[in-house]
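Everything on this sheet refers to the single structure shown next.
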DNA sequence: TTAATGCCTTGACTTTCGTCACACCTCGGC
DNA sequence: GCCGAGGTGTGACGAAAGTCAAGGCATTAA
């Protein structure tokens, strides 16, 4: 149980709770493990739980009739998902898939809503997080509407940099680069175009790629060139 | 003051407050008038207020360096905007312009945050509203990523129908159709393409247009054909 | 009334990018 | 070590849609 406490303490959403309160939260939820590729949440189903990622990564996707998919977000440890259905009672609007082995902490609907009512600080964190997601979504809409393929791929690379990149005097190193197909689904373009754009960026000296590690040589310059 | 009460009572965000509480809210805010085309909020500025629309319409836009714009949302009476900057303290992420004469009720940052802390019901409404906006944004991202021009324009028409359309046995009438340029900025396409698509939909018998009133002949069929 | 402005329509041309096809490379399992 | 699967690189081609250009219609301004 003390292990759960340490985990919960580092989840931004619960940052304002003290240990006694966190103990209560720990008791409300339970853990579940998923293998790479497992579906955690299925679109159109009714939502019954909020998920907080303990370890691993997940992608949130929407799929059309022909099976093409868009990746709406990628979440890693400490982040949560599944709150929307709980908040408005509507069906899940997207599917969530584990992109690596993952362990999740889940809280059921009823308990989560009680939590919100009991601890306004949690509601406020939640508001802040939703706001941030909305900002990201708006930026994404802008990119998809106004940028060409190069700009959209650059945008994805910069998002990855902001999210998981290691900054080091102007350079940014992104390890564990997603598959090109996934980057394409984030950028709203095709796999081939992602490949071509990445090579184009390399030729121009903006980035370097070794294995699945990508380095942006000059973050500011790259950003300015494409955003 | 009683007039303000009647207005506030019909704002969904304050639906759970009783009259005494609404009186307090009324005292916290003030009204301001804007002419068509006036800028209400400017991107990059710091946000100092939340706006609730009393009468009129506004569009929320983001613009790129070359002056091309994306319309992120269109809001009408009873709806609010400007909350994001207040919640996370970051600069405004979009510009808001009056698309008609408009009167707004505004509450300053401090007062609004106090309101949230004092009335959790308001925070909950706000969570529900942000959730809905996030769902819409996700749907928009899906449409921009996966649909061709026809599908994206159809999507905009359906959004307008859901928003301001009058349903009548299968048909939906949308009056006060936005300019084609604005529809293009919502659909992430060009003005000319919007024109062409609308004519294409008319030829196929999906819709009819007279002046700036558009009629969808069979809502379900139209939706099925393009979404 | 005429001029001017703003919005929509339509055609022609051009560019971008998605699709298809296929080669190549790496890695894990047998 | 070999095979197969999954992932990536690259050329050729065509379709979709952006851009440019010109004209029309309607409302407002002079």
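Chains as they are written, first to last, in our numbering: chain A, 2 to 228; chain B, 2 to 228.
The C-beta atom is built at its ideal place from N, Cα and C for all residues, glycine as well.
Among B:101, B:13 and B:48, nearest to residue 1 of chain B - alpha-carbon criterion: Look at the range of chain B in this structure, 2 to 228, and you will see that residue 1 of chain B is not part of it.
Span separating the alpha-carbon of residue 217 of chain B from that of residue 197 of chain B: Here residue 217 of chain B is taken as the residue at index 216 of the second chain, counted from 1. Here residue 197 of chain B is taken as the residue at index 196 of the second chain, counted from 1. Roughly 17 angstroms separates the two Cα atoms.
As assigned by DSSP and simplified to three states, the class of residue 119 of chain A: On the first chain, residue 119 of chain A is found 118 positions in, with the first residue counted as 1. DSSP places residue 119 of chain A in helix when its eight states are reduced to three.
8 angstroms Cβ cut-off: residues of chain A touching residue 132 of chain B: In the second chain, counting from the first residue as 1, residue 132 of chain B sits at position 131. Result: 84, 85, 88, 89 and 131.
Cβ distance (whole Å) where residue 60 of chain B is taken to contact residue 40 of chain B below 8 angstroms: For this step, residue 60 of chain B is matched to residue 59 along the second chain. For this step, residue 40 of chain B is matched to residue 39 along the second chain. The Cβ separation is near 11 angstroms, so there is no contact.
Separation of residue 202 of chain A from residue 124 of chain A, as counted between CA atoms: On the first chain, position 123 is the one that residue 124 of chain A refers to. On the first chain, position 201 is the one that residue 202 of chain A refers to. If you take the alpha carbons of residue 124 of chain A and residue 202 of chain A, they lie about 42 angstroms apart.
For residue 178 of chain B, three-class secondary structure by DSSP: Here the question's residue 178 of chain B lines up with position 177 in the second chain. Coil, per DSSP.
Which listed residue (B:162, B:211, B:163 and B:52) has its alpha carbon closest to that of residue 87 of chain B: In the second chain, counting from the first residue as 1, residue 87 of chain B sits at position 86. That would be B:52, whose Cα lies nearest to the Cα of residue 87 of chain B.
Contact set for residue 84 of chain B: own chain, Cβ-Cβ below 6 angstroms, skip 5 residues either direction: Taking the first residue of the second chain as position 1, residue 84 of chain B is located at position 83. Excluding residues within five positions, the ones whose Cβ falls inside 6 angstroms are 51.
Under 7 angstroms from the C-beta of residue 71 of chain A: neighbouring residues of chain B: Stepping through the first chain from its first residue, residue 71 of chain A is reached at position 70. Chain B residues near residue 71 of chain A: 142, 143, 146 and 147.
Residues of the region 44-67 of chain B whose Cβ lies closer than 8 angstroms to any Cβ of chain A, in chain order: 63 and 65
Contact check, residue 48 of chain A vs residue 106 of chain A, beta carbons under 8 angstroms: Reading the first chain from its first residue, position 47 is the one you call residue 48 of chain A. Reading the first chain from its first residue, position 105 is the one you call residue 106 of chain A. Contact flag unset, no.
Residues of the region 95-114 of chain B whose Cβ lies closer than 8 angstroms to any Cβ of chain A, in chain order: 95
Status (buried if at least 16 other CB within 10 Å, exposed otherwise) for residue 166 of chain B: In the second chain, the residue the question calls residue 166 of chain B occupies position 165. By the neighbour-count rule (16 or more Cβ atoms within 10 Å), residue 166 of chain B is buried.
Cutoff 8 angstroms: residue 192 of chain A Cβ touching any chain B Cβ: Against the first chain, residue 192 of chain A aligns to sequence position 191. So no, residue 192 of chain A is outside the interface.
Residue 27 of chain B and residue 43 of chain B closer than 8 angstroms at C-beta: Working through the second chain from its first residue, we reach residue 27 of chain B at position 26. Working through the second chain from its first residue, we reach residue 43 of chain B at position 42. The answer is no: Cβ separation not under 8 angstroms.
Beta-carbon contacts of residue 109 of chain A that lie in its chain and below 7 angstroms, excluding the five residues immediately before and after: Locating residue 109 of chain A in the first chain gives position 108, where the first residue counts as 1. Closer than 7 angstroms at Cβ, skipping near neighbours: 49 and 50.
Any non-hydrogen atom of the ligand HEM within 7 angstroms of residue 12 of chain B CB: By its list of ligands, the structure shown contains no ligand whatsoever, and the ligand HEM lies outside what it can speak to.
Beta-carbon proximity of residue 99 of chain A to residue 189 of chain A, cut-off 8 angstroms: Counting from 1 along the first chain, the entry for residue 99 of chain A is found at position 98. Counting from 1 along the first chain, the entry for residue 189 of chain A is found at position 188. Going by C-beta atoms, residue 99 of chain A is not nearer than 8 angstroms to residue 189 of chain A.
Where residue 109 of chain A sits in the DSSP three-state scheme: Working through the first chain from its first residue, we reach residue 109 of chain A at position 108. In this structure, residue 109 of chain A counts as strand in the three-state DSSP scheme.
Stretch-stretch touch, CB-based, cutoff 8 angstroms, three pairs: the region 159-175 of chain A with the region 206-224 of chain A: yes
Boundaries (first-last residue) of the beta strand (DSSP E) holding residue 60 of chain B: Here residue 60 of chain B is taken as the residue at index 59 of the second chain, counted from 1. Run containing residue 60 of chain B: 59-64, per the beta strand (DSSP E) assignment.
Cβ-based neighbour list, residue 96 of chain B, same chain, cut-off 8 angstroms, excluding 5 preceding and 5 following: Translated into positions along the second chain, residue 96 of chain B becomes position 95. 40, 42, 43, 44, 61, 62, 63 and 64, listed in sequence order.
Proximity of residue 57 of chain A and residue 24 of chain A at Cβ, strictly below 8 angstroms: The residue given as residue 57 of chain A occupies position 56 in the first chain. The residue given as residue 24 of chain A occupies position 23 in the first chain. Not in contact: residue 57 of chain A and residue 24 of chain A (Cβ atoms no closer than 8 angstroms).
Under 9 angstroms by beta carbon: chain B residues contacting residue 118 of chain A: The residue labelled residue 118 of chain A in the question sits at position 117 within the first chain. Neighbours of residue 118 of chain A on chain B, chain order: 121 and 125.
Chain A contacts from the region 162-189 of chain B (Cβ-Cβ distance under 7 angstroms): 189
Within chain A, the residues that residue 19 of chain B reaches when beta carbons sit closer than 9 angstroms: Along the second chain, read from residue 1 onward, the residue named residue 19 of chain B stands at position 18. Residues of chain A passing the Cβ test: none, with the nearest at roughly 18 angstroms.
Chain A within 8 angstroms of residue 197 of chain B, Cβ atoms only: The residue given as residue 197 of chain B occupies position 196 in the second chain. Residue 197 of chain B does not count as touching chain A.
Rounded distance between the beta-carbons of residue 131 of chain B and residue 135 of chain A, thought under 8 angstroms: Looking up residue 135 of chain A in the first chain gives position 134. Looking up residue 131 of chain B in the second chain gives position 130. Correct: roughly 6 angstroms between the Cβ atoms.
Host alpha helix (DSSP H) of residue 151 of chain B (start-end): For the purposes of this step, residue 151 of chain B is taken as the residue at position 150 of the second chain. Residue 151 of chain B -> alpha helix (DSSP H) spans 150-165.
Where residue 136 of chain B meets chain A, residues with beta-carbon distance less than 7 angstroms: As a working mapping, residue 136 of chain B is identified with position 135 in the second chain. Those within 7 angstroms of residue 136 of chain B in chain A are 85 and 94.
Short Cβ contact (8 angstroms threshold) for residue 177 of chain B with residue 219 of chain B: For this step, residue 177 of chain B is matched to residue 176 along the second chain. For this step, residue 219 of chain B is matched to residue 218 along the second chain. The answer is no: Cβ separation not under 8 angstroms.
Under the three-state DSSP convention, the category residue 129 of chain A falls into: Stepping through the first chain from its first residue, residue 129 of chain A is reached at position 128. Reduced to three states, the DSSP call for residue 129 of chain A is helix.
CA-to-CA distance, residue 5 of chain B to residue 102 of chain A, given in whole angstroms: For the purposes of this step, residue 102 of chain A is identified with residue 101 of the first chain, where counting begins at 1. For the purposes of this step, residue 5 of chain B is identified with residue 4 of the second chain, where counting begins at 1. Those two C-alpha atoms are separated by around 55 angstroms.
Beta-carbon spacing of residue 46 of chain A, residue 92 of chain A below 8 angstroms: Reading the first chain from its first residue, position 45 is the one you call residue 46 of chain A. Reading the first chain from its first residue, position 91 is the one you call residue 92 of chain A. Yes, the Cβ-Cβ distance between residue 46 of chain A and residue 92 of chain A is below 8 angstroms.
Bounding residues of the beta strand (DSSP E) (the contiguous stretch that carries residue 52 of chain B): Reading the second chain from its first residue, position 51 is the one you call residue 52 of chain B. Where residue 52 of chain B is concerned, the enclosing beta strand (DSSP E) stretches over 50-56.
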